[in-house]
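Notes for the one structure printed next.
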Amino acid sequence: MTDTSVGDAPVGDEPDIRRLDDLLEDLYHGQERITQATIYRRAVAAELPAQLLTRIAALPEGEYAVDEAADLLGGSVT
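The numbering of the sequence shown is numbering that gives the first Met the number 0, which starts it at 0 and goes up by one.
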């Protein structure tokens, strides 16, 4: 039973991270840096979960490269 409960936790987070990665890949297609405000607006439009929107809103204002944004938000895009 322990294996099942431990295995469930990452699976529950995986769809949100996949959605974040998809958003970042879409945003950064052909772009080197994107502002925090643009990332947030697109995340709201994509109806990302509140937990991810909170993380994005907490980023300091400024521009981010895709790897910086992914690192700060917990994504895996590089």
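Glycine included, every Cβ here is placed at the ideal spot set by N, Cα and C. Note that the coordinates shown come from a computational prediction; the quantities given were computed from them, not determined experimentally.
{"query": "Status (buried if at least 16 other CB within 10 Å, exposed otherwise) for Val-43", "result": "exposed"}
{"query": "Reference Asp-21; option with closest CA among Arg-40, Thr-37, Leu-47, Ile-33", "result": "Leu-47"}
{"query": "Same chain, Cβ closer than 6 Å to Arg-17, five either side skipped, listed in chain order", "result": "none"}
{"query": "Close-in-space but distant-in-sequence residues of the same chain around Glu-31 (CB under 7 Å, 5 per side omitted)", "result": "Ala-64"}
{"query": "C-beta contact flag for Gly-61 and Gln-35 at 8 Å", "result": "yes"}
{"query": "Exposure label - Ala-49; buried when at least 16 CB within 10 Å", "result": "exposed"}
{"query": "Contact belief for Leu-72 with Leu-19 at Cβ below 8 Å, rounded distance in angstroms", "result": "6 Å"}
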